[in-house]
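Numbering (the working numbering), first residue to last: 634 to 1259.
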């Protein structure tokens, strides 16, 4: 058979890439599905079985695959009869196949032991075909492309950091991690000695949930740099040129944990290889005490990596419902990363000032009567708490005329008019159970939050437009939105319900305390957005109560009282945000108190509410975000 035809057959079988792995002490070849190793769209969800009714253990098993991004290759290799998926050739084509594999094929390896055996020097040629190095004695010197994907234990990287003086000879007294450290140290000089190697791609990760930024990259890659430096120096002395293209594919660094002295930053002096960064796996396998496998979600940088995709999907979903986006900020993944880095930089800058600020606020000794403070806010009336209508001035026509005639507000008015026009008469998106359950089931919060926040946008746009232009269609849209909000199971986000959004009994434990929750308590959970929703509805009732249908106003007032004010006052324990050092305390307390001032018609009841919400000086601060 002509050599061209033989090689065409080999290319059809091997497809340009192949896996080398150890099986019973022998090196085997198997097919490679050539997955993407460096994109930003693989967070673990792609490993979920698509077959209807497939069990979650299959997903969990795939997530903990030691083959990393080659999990599909491992699954194909070990599915059914292993020998069906391993590559084998007749003995008389042995040298022909060796030449083809080394010259035309990228060899992929996913464990240190296989790599160690592959790089071992031969002990002389032998006719014993059971020798694990026999095939590779012929193939190794001609390898041109080598791919290494290692998903190693986090303990291994910690061992590297704890002892940078790697042991040179392993023995039975050394630990498993120490043996791996020794292997790690001797691999890189051996790789650099492959005479025909032109392309080396290394994919690294650890097998635990914490961020990759807990790994000291500079310590882990120090043997690599040393081996490459020695290799380049040897080439220089021999007056030859090193043509090796080396790329490391590593997870993105978290701004909170990464440091220039432990990690490779773009601003750092470049190492003798290229570094690519990718988003890290978010879904992980955890094994319970019973031996059952479960899937757990762990966010990493960038936390909002799905935002660009969400914007695109939201735009498609809203086509036909809304013809223009409502001030939606589309961002690329790079812009999302820059935005999150900026937030972390602000956090670092404000930490010291925040501590000083909190110390100063604790020293306040003002003692103002809360009841008197509320009465001072009355708009010159004696109508009880309804006299505390903070929106009475906004209902005056002269105030509206000033807003409509102010030239500085022209652009804002036009944007508001355009958005309101597109919303008039449109159906309000629903919040179905299939989206509500996503967070507790798989850790996906964006599917539910997209329509959730869109409805808040409808609420505010319609309310502002109805206030300024009194358009009946705006009022009708606003009434439909309020009606939909009053029908909601909860105003809280599932991701803010402490893991109990799907609780159905009194034994559903909260992840933040020793208390127990049932479905009713979860529905009345007061998070940032539940409190803000209550305040928004209370303000709309105060501002537009004479324009909305009386039944809508009464129902909105009743739901705010039940879900927010009474829920806060009747809870036996304090809210978790009341002891948080974050903006939650100020936003939640401020929203509840403001809503109460607009809705509660009894001075004594209002005073009791505000006394719970505010310190003696009547001032609730919002510290810098952490």
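Even for Gly, the Cβ is constructed at its ideal location relative to N, Cα and C.
A straight line joining the alpha-carbon of residue 661 with that of residue 751 spans about 11 Å.
In this structure, residue 775 sits near residue 829, with a CB-CB distance shorter than 7 Å.
By the beta-carbon neighbour count (other beta carbons within 10 angstroms, threshold 16), residue 889 is exposed.
Residue 917 and residue 674 have their C-alpha atoms some 16 Å from each other. A straight-line Cα-Cα distance of about 11 Å links residue 1121 and residue 1066. Checking the DSSP bridge columns, you'll see residue 782 partnered with 836. Residue 932 sits in coil when the DSSP states are folded into three classes, being neither helix nor strand.
In the three-state reduction of the DSSP assignment, residue 1057 falls in the coil class, being assigned neither a helical nor a strand state. A residue is called buried when at least 16 other Cβ atoms come within 10 angstroms of its Cβ; residue 976 does not meet this threshold and is exposed. For the pair residue 1053 and residue 1177, the CB atoms are not nearer than the 7 Å cut-off.
Per DSSP, the unbroken beta strand (DSSP E) holding residue 661 starts and ends at 659-664. CA-CA distance, residue 861 to residue 821, rounds to 8 Å. Between the C-alpha atoms of residue 1161 and residue 1221 there is a straight-line separation of about 6 Å.
For the pair residue 781 and residue 835, the CB atoms are nearer than the 7 Å cut-off. For residue 1238, the enclosing alpha helix (DSSP H) stretches over residues 1236-1246.
Scanning the region 865-914 from its first residue to its last, the whole beta strand (DSSP E) runs of 3-plus residues come out as 878-884 and 907-911. For residue 679, there is no enclosing alpha helix (DSSP H), as DSSP marks it with neither H nor E. Here DSSP, grouped into helix, strand and coil, assigns residue 712 to coil. Fewer than three beta-carbon pairs drawn from the region 879-893 and the region 650-664 are found closer than 8 Å, and the two stretches are therefore not classed as touching.
When the five nearest sequence neighbours on each side are left out, the beta carbons in the same chain lying within less than 6 Å of the beta carbon of residue 810 are those of 788, 789 and 792, in order along the chain. For residue 927, DSSP records a beta bridge to 919.
The Cβ atoms of residue 1168 and residue 1228 sit closer than 7 Å to each other. By the beta-carbon neighbour count (other beta carbons within 10 angstroms, threshold 16), residue 831 is exposed. Judged by DSSP in its simplified three-state form, residue 652 adopts strand. Minimum Cα-Cα distance from residue 968 among the listed residues 978, 937 and 979 corresponds to 937. The Cβ-Cβ distance between residue 1115 and residue 1189 falls below 7 Å.
For residue 741, the enclosing beta strand (DSSP E) has its first and last residue at 739-742.
For residue 1108, the enclosing alpha helix (DSSP H) covers residues 1105-1120.
Here the alpha carbon of residue 1069 sits roughly 13 Å from the alpha carbon of residue 1062. With contacts defined as CB atoms closer than 7 Å, residue 823 and residue 778 fail to qualify as a contacting pair. Around the beta carbon of residue 773, a 10 Å sphere encloses 16 or more other beta carbons of the protein chains shown; the residue is thus reported as buried. Across the set 657, 656 and 676, the C-alpha of 676 shows the shortest separation from the C-alpha of residue 1075.
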